[in-house]
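There are 2 protein chains.
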Amino acid sequence: MEIYKGEKKRLYMEKNSIAHLFSFPVEEFMEVHEYQRDDWIIQEGRRPDFLFYVIEGKAKIYITHQNGKVSLINFINANDYIGEMELLNDVYYTKGIQASTKTICFALPIHYYRKQLLEDAKFLRELTKFLSVKATLMAAKYSQSLAFPLENRLADFILQTADEGVYKEKHVTVCDYLGVSYRHLLHVLTQFCDKGYLQKNGRNYQIKQYHSLHELAEVLKNK
Amino acid sequence: MEIYKGEKKRLYMEKNSIAHLFSFPVEEFMEVHEYQRDDWIIQEGRRPDFLFYVIEGKAKIYITHQNGKVSLINFINANDYIGEMELLNDVYYTKGIQASTKTICFALPIHYYRKQLLEDAKFLRELTKFLSVKATLMAAKYSQSLAFPLENRLADFILQTADEGVYKEKHVTVCDYLGVSYRHLLHVLTQFCDKGYLQKNGRNYQIKQYHSLHELAEVLKNK
DNA sequence: TCAAAAATATGAGATATCTCATATTATTTG
DNA sequence: CAAATAATATGAGATATCTCATATTTTTGA
């Protein structure tokens, strides 16, 4: 983890101003943090000292259960907040957040800014929208996970993450995200290949029948 | 559904003032709605015209999937907001909300108040907290549903809803809530009886071994 | 550069959960 | 009050998913 200083910091803040998200100046105590792939931005169970706002990169929210299972709760992208739960709630079990690419965030020391932030309508309005989307998304994932087998959820995930018709996510990550065992994921992927929806190319999977996957994914959606 | 008028309305609003939730007066266009058990406060797929605040009663949030399965996403209680998603987001699939007891809510016409509400830090702060709790809860339920079998989740649910040592929820509701089939729920309940955790009394279940259920439920929690 | 660790791969048996069929009992409603 | 509807109940077979064992390949770090 690197904290930008001096000219580097000044330049970065200038190029990526977030002044429009607040109705008071936040630059004074704000820091710029850069995390490398696999760095932990927040450690599970340990309260963060900052409210983060992601400028670039991708990260993952993890929670570890008592039975050892790990859930990848969600992905975090540019323009997302991190640590907002801890800003708002005095009692909160902090989830782990791990960078999955180089990730740069602005970091507002909660200690300094908490009071002002909680009185700033502009900030709160944005955060409220962010949280409403988050809550909705979790509700959707929750109810889908209970109502549909992996086949449907995986089809959706493949379509969402495929890059130019090629799916190449890490199996291990996907297991944690879709909440199934490694074995079962591989099993369903093999089925997709057998049915001709996908074609395996070394470590990647080429989408062969878009419409079949689409059909499977479509039933998740509410119209 | 009944809309309170005149003296009845005035009295009710006076006894249950929510003026402290806003920094501007909301009484003028506010309505008081009373719903009977099984009334739909909001119909699935149809945008509501009000932001509701629940004063008394209980309700359930439902979503219907394309495969016909119904998920009971969550329960709503006094001091919860309803319709906040629609206030915040222009595009949103509205979930169904059904009263499960007589439920009385204050209803703020979005049309009149939207702009002011979105600029009111006091209101937004409360709503933000409400949403953060909601998002956290959904995330917890989501990851638990994937990481643990019904046995654990049911034990937790029984402990949470039992009334003086007696569990008497409707099976059908619980199926929708825990996302399992009726058959399987009954199966696990029978197991609990066989193991001596519960004892069936007519339509209810008496808790016999608190600690066993507690043990099963405990592994869901993060410490 | 080599050993350790992580990721991929596959088989086989176990179990959690679902679907469907069917019966009985309670509750609601015209 | 009777008929319709909802809730409870149980059996049996199907399937989705898990666990464990084990092997190979790739990536990583000292």
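First to last, the protein sequences are chains A and B.
If you read the first sequence in our numbering, its first letter stands for residue 1, the second for the next number, and so on.
If you read the second sequence in our numbering, its first letter stands for residue 224, the second for the next number, and so on.
Idealized CB from N, CA, C, for every residue including glycine.
Values in this document were obtained by computation on a predicted structure and should not be read as measured data.
Fill in: Closest by C-alpha distance to LEU159 (chain A), when choosing among A:TYR62, A:HIS214, A:LYS170
Ranking A:TYR62, A:HIS214, A:LYS170 by CA distance to the CA of LEU159 (chain A) puts A:HIS214 first.
Fill in: Nearest to VAL26 (chain A) (by Cα), restricted to the options A:LYS115, A:VAL91, A:LYS102
The shortest Cα separation from VAL26 (chain A) among A:LYS115, A:VAL91, A:LYS102 belongs to A:LYS115.
Discussion item. For ILE226 (chain B), count the other beta carbons within 10 Å of its own beta carbon; 16 or more makes it buried, fewer makes it exposed. Which is it?
Written reply: Classification for ILE226 (chain B): exposed.
Worksheet item: Shortest alpha-carbon distance to GLY268 (chain B) belongs to which of B:PHE275, B:PHE252, B:HIS288, B:TYR258?
Response: By alpha-carbon distance to GLY268 (chain B), the top candidate from B:PHE275, B:PHE252, B:HIS288, B:TYR258 is B:HIS288.
Worksheet item: Which chain A residues are close to HIS288 (chain B), counting only those with a beta carbon under 9 Å from its beta carbon?
Response: HIS288 (chain B) reaches chain A at SER143, GLN144, ALA147, PHE148, VAL219, LEU220, ASN222, counting residues in chain order whose Cβ is nearer than 9 Å.
Worksheet entry | Where the stretch 383-403 of chain B meets chain A: residues whose CB sits under 7 Å from a CB there | So the close ones are GLY402.
Discussion item. Which of the three DSSP states is assigned to ASN445 (chain B) in this structure?
Written reply: ASN445 (chain B) carries a coil assignment under DSSP once its states are collapsed to helix, strand and coil.
Worksheet item: Is it the case that the Cβ atoms of ASP343 (chain B) and PHE247 (chain B) are separated by a distance below 8 Å?
Response: When the beta-carbon positions are compared, ASP343 (chain B) and PHE247 (chain B) come within less than 8 Å of each other.
Discussion item. Can you confirm whether MET1 (chain A), when its beta carbon is compared against all beta carbons of chain B, has any partner nearer than 8 Å?
Written reply: MET1 (chain A) does not count as touching chain B.
Worksheet item: Going along the chain, which residues of the stretch 300-314 of chain B sit with their C-beta nearer than 8 Å to a C-beta in chain A?
Response: Residues passing the 8 Å Cβ filter: GLU307, MET308, LEU311, ASN312.
Practice prompt. Could you tell me whether the Cβ atoms of ARG260 (chain B) and LYS352 (chain B) are closer together than 8 Å?
Written response: For ARG260 (chain B) and LYS352 (chain B), no; Cβs fall outside 8 Å.
Discussion item. For chain A, check one thing: does any of its Cβ atoms lie closer than 8 Å to the Cβ of TYR276 (chain B)?
Written reply: It does not; no Cβ of chain A falls within 8 Å.
Item to complete: Measuring alpha carbon to alpha carbon, tell me which of B:TRP263, B:ASN302, B:ILE430, B:GLU254 ends up nearest GLY419 (chain B).
Response: Of the candidates B:TRP263, B:ASN302, B:ILE430, B:GLU254, the one whose C-alpha sits nearest the C-alpha of GLY419 (chain B) is B:ILE430.
Worksheet item: Considering TYR428 (chain B), what are the terminal residues of the beta strand (DSSP E) in which it resides?
Response: Start and end: 427-430.
Practice prompt. Give the residues from the stretch 118-132 of chain A that approach chain B closer than 8 Å (Cβ to any Cβ), ordered along the chain.
Written response: Within the stretch 118-132 of chain A, the qualifying residues are LEU118, GLU119, ASP120, ALA121, LEU124, ARG125, LEU127, THR128, LYS129, LEU131, SER132.
Worksheet item: Can you round the beta-carbon distance between ILE278 (chain B) and ASN222 (chain A) to whole angstroms, since I take them to be within the 8 Å contact cut?
Response: Approximately 29 Å separates the beta-carbon atoms of ILE278 (chain B) and ASN222 (chain A); this is outside 8 Å, ruling out the contact.
Worksheet item: Do the stretch 370-378 of chain B and the stretch 390-409 of chain B make contact, defined as three or more Cβ pairs closer than 8 Å?
Response: The answer is yes - the stretch 390-409 of chain B touches the stretch 370-378 of chain B, with three or more Cβ pairs under 8 Å.
Worksheet entry | Which listed residue (A:LEU72, A:MET85, A:LEU154, A:TYR12) has its alpha carbon closest to that of ALA59 (chain A) | Cα-wise, what sits closest to ALA59 (chain A) is A:LEU72.
Worksheet item: What are the partner residues of PHE273 (chain B), as DSSP defines its beta bridges?
Response: Residue pairing for PHE273 (chain B): DSSP places it in a beta bridge opposite B:PRO332.
Practice prompt. Please compile the residues from chain B whose C-beta is within a distance smaller than 7 Å of the C-beta of TYR93 (chain A).
Written response: Under the 7 Å cutoff, chain B gives ASN445.
Item to complete: Identify the contact partners of SER71 (chain A) in chain B, using a Cβ-Cβ distance below 7 Å as the criterion.
Response: From the beta-carbon of SER71 (chain A), the residues of chain B found nearer than 7 Å are SER366, LEU369, ALA370.
Worksheet item: Does the beta carbon of LYS115 (chain A) come closer than 8 Å to any beta carbon on chain B?
Response: With its beta carbon at least 8 Å from every one in chain B, LYS115 (chain A) lies outside the interface.
Worksheet item: Using a Cβ-Cβ cut-off of 8 Å (strictly less than) and excluding sequence neighbours within five positions of VAL395 (chain B), which residues of its own chain qualify?
Response: Same-chain partners within the cutoff: TYR405.
Discussion item. I'd like to know if ALA378 (chain B) contacts chain A, where contact means its C-beta is closer than 8 Å to some C-beta of that chain.
Written reply: Not one chain A Cβ lies under 8 Å of ALA378 (chain B).
Discussion item. Assuming GLY6 (chain A) is part of the alpha helix (DSSP H), what are its boundary residues?
Written reply: For GLY6 (chain A), the enclosing alpha helix (DSSP H) begins and ends at 6-15.
Worksheet item: With 8 Å set as the bound, which would you pick, yes or no: does the beta-carbon of LYS357 (chain B) sit closer than that to a beta-carbon of chain A?
Response: Yes, LYS357 (chain B) counts as interfacial toward chain A.
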